[in-house]
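Trainee:
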């Protein structure tokens with residue numbers, strides 16, 4: 042992944058994704074077996090969510106590393122600067 046600081050409050054992350062057109066045919070028996078398998082795999086959902094959390098935490102770390110700030114931090118800094126000028 043490629044990361045850049047787009048502006049004061051924005052991290053831009055570029056991820057290469059391959060796409061292709063796909064045509065599938067399904068037999069009813071296959072679909073019924075898939076239904077059973079999917080029900081068994083529901084626990085995998087937790088693992089997937091954990092990976093998503095890791096990715097979000099990596100993005101937050103990159104924001105901190107690159108100096109990307111939250112909008113609240115920017116507004117607070119602006120208001121503090123205005124108070125100092127007064």
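In the working numbering, the protein residues as written are 42 to 127. Idealized CB from N, CA, C, for every residue including glycine. Treat the numbers as computed from the prediction; the structure is a model and nothing was measured.
Only counting the same chain, and skipping five residues up and downstream in sequence, which positions put a Cβ closer than 7 Å to that of residue 103?
Mentor: Contacts found: 44, 52.
Trainee: What is the rounded straight-line gap between the Cα of residue 106 and the Cα of residue 72?
Mentor: Computed Cα separation, rounded: 47 Å.
Trainee: Report the CB separation of residue 55 from residue 42 in whole angstroms; it is logged as a contact under 8 Å.
Mentor: At roughly 7 Å, the Cβ-Cβ gap stays under 8 Å, so residue 55 and residue 42 are in contact.
Trainee: What's the gap between the Cα of residue 93 and the Cα of residue 126?
Mentor: So the two alpha carbons sit approximately 44 Å from each other.
Trainee: Looking at the secondary structure, which residues open and close the alpha helix (DSSP H) in which residue 103 lies?
Mentor: First-last of the alpha helix (DSSP H) with residue 103: 85 to 107.
Trainee: In the DSSP assignment, what residue or residues form a beta bridge with residue 53?
Mentor: In the DSSP output, where bridge partners are listed per residue, residue 53 has 45.
Trainee: State yes or no: is the C-beta of residue 110 within less than 7 Å of the C-beta of residue 49?
Mentor: Yes. Within cutoff.
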